[in-house]
Structures are given as structure tokens and as C-alpha cells.
Amino acid sequence: MPWSLLKEMTDDFSAARLVGKGAHGQVYKGVDKDGHAIAVKMLHGFHFDMEIEQMISIIPKVHHPNIVQLIGYCHEIEQVVVEYEGKHVIAAEIHNGLCFEYLPNGSLATYITPDDEDSGLDWQTRYRIIKGTCDGLKYLHEGLRSPIIHMSLNPSHILMDEKMTPKIAGFGSARLFGVENTNITMSPLGTMGYMPPEYIDKQVISKEFDIFSLGVIILKLMKGQKSYHEWDFMSPEKFIELVAHEKWGERLQKTMDVTLVEGHFQQVKKCLEIAVRCVEYDRQKRPTIGEIVRMLNETETSLIPQIDSGLLLHVHPLELTFMLSISLEVPRKKKAASMSSSCSLHLDNKGNDRVAFLLVANSPSRYLAKDPLCGVVPPRCIYTLTLTMCNNKQQALSMPSIDSGADYFTLHSVVVGQYELDKDTISAEYEEFFKKTKEKAGHEVQEVALNVICCQQQADCGTSSDSEPTGPTVEIITKADALEVSSMDVHPIEPWIMTTHRAGSLRVWNYKTMATLKSIQDVTDEPVNVAKFVVREKWIVAGDRNGCIHVHNYEENEEVESFCAHSSCITTLAVHPTDPFLFSSSNDAGHLIKLWNWDNDWECKEFHGHVGTVTQVTFNPNDSNSFASASKDGTVKIWSICSDDPSKIITLKLDEHGLSVDYFTRNNQQHLIVGCNDKTAQIWKLETKERVHELESHTNLISAANLHPELPILITGSFDGTVRIWNSITYKLENVIGFHLGAVYAFGCMKGSRRIVVGCHQGIAMMDISLP
Ligand SMILES: Nc1ncnc2c1ncn2[C@@H]1O[C@H](COP(=O)(O)OP(=O)(O)OP(=O)(O)O)[C@@H](O)[C@H]1O
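Going letter by letter, the sequence shown gives residues 363 to 1134 in the working numbering.
Encoded structure:
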């Protein structure tokens, strides 16, 4: 970045813009013409070599919501006239600077007080900080081809954004680790108090260095600066009991609902247990960051409030609030513009029976799905329905700001047997069933009226109950270019979603503003079937109906490459997480998987073995040399990228068409989830190559099955029009989400958030999923 630009953005490095000082330089807040803030760290003297080189070599490869993003750097030599021994001479002034995303809430060090008095951060915020820091560290240790050891984790290197999301900074001492896992250094690194004993004694560097530092940070965050090291003077059990009870027991009782205290108390204890294990003297006894994140995720699943009542379905909310006035066609800038005219309704079945429901609107024509909405809520499961009001401008304008009472839904519910209404949600069948059941004696059909409230402004909607959460936000997009999604990819850094559609179109759009950024014409003239982002190259790769691959640079807006890869429609594309490899497969008779090495002039390697269409290729997150492919030939195959030996290919026989596949870890063991055409998702344990479980509940084929990247849940999407959420540890079905947009074809998870995007027959839905 030019020095002149940084000067302009920081008001010539004015004192008012100074936000912090480190050993190597000062940090200023810079603001660009559009009002976006960045942090500019100007380095003293000749620190370029040391810190900038380190940053430039490591940080641009790192993209994670819990890692501070480097935006650019400046290295300029300016000729200035200075006075020297009474003469004017020309001298060189060196300007070295690093530019980062700006984090307005300072570093974690500010929030750690000596005694950690009661007025400090509440438990939920502390937990979010612990979890976010662990997620960031997991990415550094386990999410990259060459792991990064931070070497200087401490509270002043954890910065907070406006929502108190922690972001790891301070990579000046970080090390890239290759094959070896341990190293010895001669140069002093780290921060006193956060360095592990093996480093102090023998300068040993390993991932356990960071784990030790993490343990100290968690201890300080939970116990305060002054007495956190008490762990060293007593048994771990005693320390955990002492801190959990004395420090947190009463505090949790004072600050949260009684139904939530026990779950959070267990979470406090687990965090203390993790911290104490992290600071073990023997580094081999410390947990890995993967284990830590898994333990934390498990505490989140146990936070289920236990409430009871006699109703078949607990309905929330009892008033359906729709916000009108926004046209999704218009690019939207302001926050208020993110309102949509959809509303989520949660039907919670706390019992052990299947409960059928039928939701009837008194003015059906106002809603997207004109038929009554219906389905079956499985036992101990929540069904989330998305209701979408037609986004009709005239209608919105003719409405008063709050319109209550005139419009309502009636929810009918009844217990059904194992095999009753076990098909797709066909409303005519449900209407008939409810009619007959009402006539029969002894069958209780419960009815609840749900009023509709329409608002034009968020401020108008003050009528919903404050005691209940408002539920996840849902946006439904039903424009002509959002129909019949054939594939979907979510950009991991930018707020972009790319969809391809059955009509052969492609669209990249910003899901925050809804603006279309690219369409098919930017990439190719041919109809496409599937497309992916290659983030590190700033590319879009698209596979067309004729078997060609088109590579487009989305930043330069130019074609990079276009070549014929297969002889018929490309069915799947996959981008290797670290190597310059693109995988493709097609409908052609050979059913080959081809690997294209773009660093080697798109050299091709072929993988033979499938005898039916390959539907998906997925890389093993724990072994970048291995990948799995699902096929309509009834198998999933696991391949080694390097090996040509056919005997090394592992074949799992599904007995059904494999339509999608993903890896996940359960109890430290790798598994695969495979979406099949027989309405089930099969779970395979990799070590024993056994089918260990089947997720059964969908009423049509499973088109997509994935592990959520942030939560311990598995997600399945089906032609039955629903997405289902399963606990990845217990396999319990937690939530059914019905969008009523027809068959679900594809979905994507947004990294660093709980949002999912679902591509359906009649449009696209975006929603935040929450752990029940
Ligand atoms: N990206 C940022 N956004 C907002 N404030 C920041 C940012 N980076 C740093 N700061 C502020 O500046 C202070 C100093 O940051 P700096 O990176 O220089 O610290 P340091 O790592 O201790 O320094 P050094 O690496 O030079 O020893 C931080 O504690 C924080 O308050």
C-alpha cells in the first residue's frame, strides 16, 4: 500500500488516531474514503526484515474468522531533505507498515483484571472468547498444510471485534512447521508467563508450546490475573472445584435463567479442566487443539433447557412477525435493509410420539406456499417452518405499520403412528387425515391460533414477547435467477455465495447487500452445471454441460484458462485445500475422476474405478493426500492422490446410490457421512470400514449431507423439502427445517458463523441454525 495513502487514512499519523503501541511500532486507526477502518502498524527503524517478512510469508495464507486478517503492507523509501552539520542533504527515510482489519474492542488484556471482580465479562462472553481463540488455534495447528505455531499467544495478542469475537494477532514470532513436529531454537521467543517449561529449559518448540500458553490464558480469563496460578499449588480436581463453585456457581445463578445454570456450570468446569490439562508440565499430557475444540463443542450440545408442559407441540413464537417494505431486488446498504418478509416458527415435540401438524392460513394468497403447510415432527425434535409473505410492494405500503388480528394461522396437531403420514408433505393427504381424525372419537387434535403481525420498520415491531428468543433470522430469495440450484459454494472470506442453476446459469452474489457480483456471461457463454471458488488464486472455476472447465479470475475479471476436460456434462468439481489441484468428474461413460494440476500447466491425472456417475469428491481434512468420492454405482471410494496402485483404493459398498459424502470426527475417530437415494444417510467408520449407523427420518432421497464446519452437527438436505440437523456425537435428530421451497438440492455453510444457505427448487433460503 502506498505510504501516501496510509498518511491520508491516518490523518498524517495524528495522535488522535493512535490506538496502541507495541515493542516494534505504533498502531494507528486508518479510515478510507468509504468510512472503512483499518489498523496500520508502523514499524520502527529496520524491523521490516524481521516482522514484515514473517507476516508476508505466513499471514496472507491464513484466513479464519478468529485470526486477524492482514490486508496489505507498505515498504517505501522516501528521499527527504534534512539538515546535517549546517547543510541540507538528501537522506533516505524508510516507511515500513503492516495493515490489518481494524478491531475496535482492543485486546483481551484489557478485560483481564487482577481479581476478576463480579463486574467483569459474563460467562457467555468469556466462553465465546475461549471458544473463538481455540477455533483460531485449531485452524493454525490442524487446518493448514504446514501448521503454524504461534509462539507468542497471550491476552495482548488476542484482539476483539465489535461483537467481542476474539481474533489471534501478533504473528511476529510464529513458525511454519513442516514434517517434523518438534524443533529446537536458539533465539529467544515467546512471552514470560506463557512459555512452557520445556521451552524455558531446553528451547523445545512444538504445538504444545501454544497449548500451554492457551491454558494460561483460559486460567487468567476464568480466575483473574492475581490468583490464576493457584493451580500450581493444589490437585487439579481441587482447583477445578474451588474455582467452579467459589467463583462461578453463585455468579451463574445470579445472571441466568435457572434452567440454564447447570449446563453452564458444567461448561465452566470443562473449561477449567481443559486449562489445567493444557498447563501440564509434561507436554505429551497436554490435549491437542482438536481434542479441546471437540470437548468444548460437547458442552454446547448439553445446554438444552428442560421445560415441560402438556401440549403436543410447544409453539414459538405465538405471534408471527413479518417485516415488509424491502424489495430483495434492490442492493441494500443499511442494516435495516437486511429485514426480510420471512418468519420462522418452531414446533417443539418434547414427547416420545410422532406428531403430525397442519398449518392453515386464513388468507393463504398472502404467502409464498399457498397450500397449507404440513409435516411430521419426530419425537424429541424441533421442526422449524419458514413462512414467507409474498414480497408485494403495494401490499406492504397499504398496510399500517402494525397490522394485527386481521390475519392468522391455525396450527392443528395430532399424534400419529409409526407408519402414518410417512411420505412427502402432500397437503391434500394431510387435510384428509386431519378431517377424518377429528371425526373419530378418542383422537385429540389440538389447535392453536397464531396471529400475524406485519411491520414496515424494525422499530414498529415491539409487540413480540420479550421473554422468548426471537428465533433465527431467515431470508428467502425467490427471484428468477435463484431457482433450481444445481450447485452452491460459499466464499470463506467475502460475503459471497455462488450458485449454478439447472437452466445453466451462474450467479455470484453478496449475501449482505444482495447485489449480483458476477453472472454466467462473465465466465463463459456455455451453460454450466457446477462451479467453485479457488480463493487463494481468486478464481471461479465452472464446469459446463459439454465437459469443459472455465477458469475466471474474479478480481481481474478475466479468463485464466478454458479447456475441454471431459466428453459430457461435468457433475462435480472439488478444489484441493492446499495443493494446486482441481478435481472433476462427468456424466461420460468412463466415470473417471480427473485431477488437474494448475501449477503444472493443467497436467491431468486420472482415477479409474467407478462404474456410475460420480456425484461428489471430498478431501480428508486430516490427510490432504486422501479423498473420498460418492457415486451412483452404489459405492464410496477412498483414494490416495499420490498412489497409482489400484489395490490401495478402498471401496465401501452402500447398496444404494451415493449422492454426497463428507468426513467428520466422532470420539477421535474419523467417519464418513454418505447421503443416499434410499432416504437415509449412512455413517461409516473409516478405521474398520464398517457401516455403523444410518440417519433415518427423511421422506425422500438425501441430496446433500455435510458436517457443519463450526458446530458438532451433521446436516442433511433432501428432496422432501427439508434440511435436518443431527447431533454428530449421539446421532440424535435435533431439528427439521422446512422452507417450503420444494426439493433441497444443495447447501453451503458459512465459515465462522452458524448460517446455512440452502438451494431449493423454488429459491434459496438463508438461515442461522442454533443448537437446541
Ligand atoms: N488490528 C488492530 N485493530 C485495533 N487495534 C489494534 C490492532 N492491532 C493492534 N492494535 C492495538 O495496538 C496495540 C499494540 O499492538 P501490537 O501489534 O503493536 O502489539 P504487540 O504484538 O505487543 O507489539 P510487537 O509485536 O511490536 O511487540 C494492541 O494491544 C491493540 O490495542
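Think of the CB as a built atom: it goes at the ideal place given N, C-alpha and C, for glycine as much as any other residue. Because the structure is a prediction, the values reported are computed rather than measured.
DSSP three-state assignment for residue i, whether helix, strand or coil
i       : result
Ile859  : strand
Leu502  : helix
Gly996  : coil
His607  : helix
Trp1088 : strand
Ala378  : helix
Cys743  : strand
Gln486  : helix
Asp670  : At Asp670 the pLDDT is 49, less than 50, meaning the model places this residue with poor confidence and gives no usable figure here.
Ile636  : helix
Lys395  : coil
Pro466  : coil
Val655  : helix
Leu680  : coil
Val424  : coil
Arg716  : strand
His970  : coil
His1019 : coil
Thr1050 : coil
Met371  : helix
Gly1114 : coil
Ile433  : strand
Glu920  : strand
Ser568  : strand
CB of residue i within 8 Å of CB of residue j, strictly
i       : j       : result
Asn516  : Ile429  : no
Ala936  : Val979  : yes
Ser991  : Ile955  : yes
Leu1021 : Asn1039 : yes
Thr977  : Thr1027 : no
Asn891  : Arg907  : yes
Lys1113 : Pro427  : yes
Leu674  : Gln808  : yes
Tyr643  : Pro559  : yes
Val1119 : Gly1110 : yes
Leu1002 : Lys994  : Note on identity: in this sequence residue 1002 is Ser, with Leu being the wrong assignment. Going by C-beta atoms, Ser1002 is not nearer than 8 Å to Lys994.
Ile510  : Cys633  : no
Val814  : Asp769  : yes
Ser518  : Ser597  : no
Ala401  : Phe462  : yes
Pro476  : Lys383  : no
Thr748  : Ile859  : no
Lys1051 : Ile1077 : no
Tyr590  : Leu581  : yes
Option in the options with minimal Cα separation from residue i
i       : options                         : result
Ser703  : Asp961, Phe684, Ala718          : Phe684
His1060 : Cys705, Lys647, Val738          : Val738
Lys798  : Arg488, Ile400, His774          : His774
Glu965  : Thr975, Glu923, Ser1002         : Glu923
Glu917  : Arg639, Leu879, Leu1063         : Leu879
Thr605  : Phe627, Asn984, Asn1068         : It should be pointed out that residue 605 corresponds to Val in this sequence rather than to Thr. Of Phe627, Asn984, Asn1068, the residue nearest in Cα terms is Phe627.
Asp884  : Asn872, Val897, Glu899, Ala904  : Ala904
Val847  : Gly586, Gln646, Leu380, Ala893  : Ala893
His1123 : Ser597, Lys449, Ala844          : Ala844
Ile456  : Phe595, Gly498, Trp365          : Trp365
Cys910  : Asp1024, Leu470, Ser929         : Ser929
Lys585  : Tyr473, Met618, Glu570          : Tyr473
Ser867  : Asn714, Thr617, Leu1103, Ala842 : Ala842
Gly1138 : Gly392, Tyr446, Asn467          : Beyond the ends of the chain as shown, which are 363 and 1134, falls residue 1138; an answer cannot be given.
Ala454  : Gln441, Tyr464, Leu460, Gly448  : Gln441
Ala718  : Glu782, Leu682, Lys647, Asn919  : Glu782
Phe969  : Asn872, Asn984, Asp961, Ser947  : Ser947
Residue i CB to nearest heavy atom of ligand 3 below 7 Å
i      : result
Ser518 : As far as ligands go, the structure on display features ligand 1 and does not contain ligand 3.
Contact belief for residue i with residue j at Cβ below 8 Å, rounded distance in angstroms
i       : j       : result
Cys743  : Val1098 : 6 Å
Leu1057 : Leu1048 : The pair is not a contact, with the Cβ atoms about 17 Å apart (cut-off 8 Å).
Phe571  : Val641  : Between Val641 and Phe571 the Cβ distance is about 12 Å, and since that is not below 8 Å, they are no contact.
Leu812  : Val677  : 7 Å
Gly1083 : Gly1100 : 6 Å
Glu801  : Val776  : Not quite, the Cβ-Cβ distance comes to about 12 Å (not below 8 Å), so this is no contact.
Leu1073 : Asn659  : 7 Å
Within-8 Å CB hit, residue i to chain E
i      : result
Leu506 : The chain inventory of the structure shown lacks chain E, comprising one protein chain alone.
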